[in-house]
Amino acid sequence: AQSVTQPDIHITVSEGASLELRCNYSYGATPYLFWYVQSPGQGLQLLLKYFSGDTLVQGIKGFEAEFKRSQSSFNLRKPSVHWSDAAEYFCAVVPTGGGNKLTFGTGTQLKVEL
Amino acid sequence: ETGVTQSPTHLIKTRGQQVTLRCSSQSGHNTVSWYQQALGQGPQFIFQYYREEENGRGNFPPRFSGLQFPNYSSELNVNALELDDSALYLCASSLDQTQYFGPGTRLLVL
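What follows is the structure, given as structure tokens:
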């Protein structure tokens, strides 16, 4: 079955530490891949996306993500976390050639310790 | 450029009532999608409208219905509200495969 998995429900990091949030997908063909961030009670903000090409993608707020076809993964990274990065992060996919329906992972809640 | 807007921001209804939520798409975007996000969960796809026609639907009953207008704004209607309909309802607009979300409408059903 097609699915998106975010293995980590909660992650706590210290301010200034590096961050990696994991995302794995299970689709027949590589889907379009996205990361969104959601602050409490807010909508979703697009951080970055991958359609094709360079497997290292740069996004807003200093985030980047790396697509690894062999691992069916699209992990989100940030070299140095700021307290304002505390939020929920969602990995999402759209099947290529399959319309615009976004399928989301269950999300990872990031807590930043000062 | 104005982003995606939604109204109202919050709404309280009772079981059995009907509700209409509204969404204005980002300028130039001809596709609108609606999602339901229950507390502590990821958004779930309700349906999508492209140029005023429904263009895909998720696993939601027929009492969830929608419209898209010539200016590409959209409405989500929910009839016979149930307690489990309490959620954040998100609208997203797009021109290609990238969806941009509004702030959401939080619906509480009592």
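The listed protein sequences derive, respectively, from chains A and B.
2 is the number of the first residue of the first sequence in the numbering used here; add one for each residue after it.
16 is the number of the first residue of the second sequence in the numbering used here; add one for each residue after it.
Think of the CB as a built atom: it goes at the ideal place given N, C-alpha and C, for glycine as much as any other residue.
Predicted model, so just to flag it, every value in this text is computed and none were measured.
Q) DSSP state of Ile61(A), grouped into three classes? A) helix
Q.
Using beta carbons (cut-off 9 Å, strictly below), is Lys50(A) in contact with chain B?
A. yes
Q: Leaving out five residues on either side along the sequence, give the residues of the same chain with a beta carbon under 7 Å from the beta carbon of Gln32(B).
A: Leu96
Q) So which residues on chain A does Gly119(B) lean against when the C-beta distance must stay under 9 Å? A) Gly42, Gln43, Gly44 and Leu45
Q. Where do the N-terminal and C-terminal ends of the beta strand (DSSP E) with Cys92(A) fall, by residue?
A. Ala88 to Val95
Q: Express the C-alpha separation of Glu16(A) and Ser80(B) in angstroms, rounding to a whole number.
A: 45 Å
(Q) Considering just the uninterrupted stretch of the beta strand (DSSP E) at Ala18(A), what are its terminal residues? (A) That residue, Ala18(A), is in no beta strand (DSSP E); it is neither H nor E in DSSP.
Q) Hey, out of Pro80(A), Gly44(A) and His11(A), whose CA is closest to Gly63(A)'s CA? A) Pro80(A)
Q) Going along the chain, which residues of the stretch 96-110 of chain A sit with their C-beta nearer than 8 Å to a C-beta in chain B? A) Gly100, Asn101, Lys102, Leu103, Thr104, Phe105, Gly106, Thr107 and Gly108
Q | DSSP three-state assignment for Gln59(B), whether helix, strand or coil | A | strand
Q: Compare the C-beta of Phe64(A) against all C-beta atoms of chain B and say whether one is closer than 9 Å.
A: no
Q. By the criterion of Cβ-Cβ separation under 9 Å, what are the contact partners of Tyr26(A) in chain B?
A. Correct list: empty, because the minimum Cβ distance to chain B is about 14 Å.
Q) Is it buried or exposed for Leu8(B), if we count other Cβ within 10 angstroms and need 16 for buried? A) Any answer about residue 8(B) is impossible in this case: the structure gives chain B only from 16 up to 125.
**Q.** 7 Å Cβ shell around Thr101(A) - same chain, five flanking residues per side excluded
**A.** Here residue 101(A) is Asn; the residue named in the question, Thr, does not match the sequence. So the list reads Val95, once near-sequence residues are dropped.
Q) With 16 other CB atoms within 10 Å as the buried threshold, where does Asp86(A) fall? A) buried
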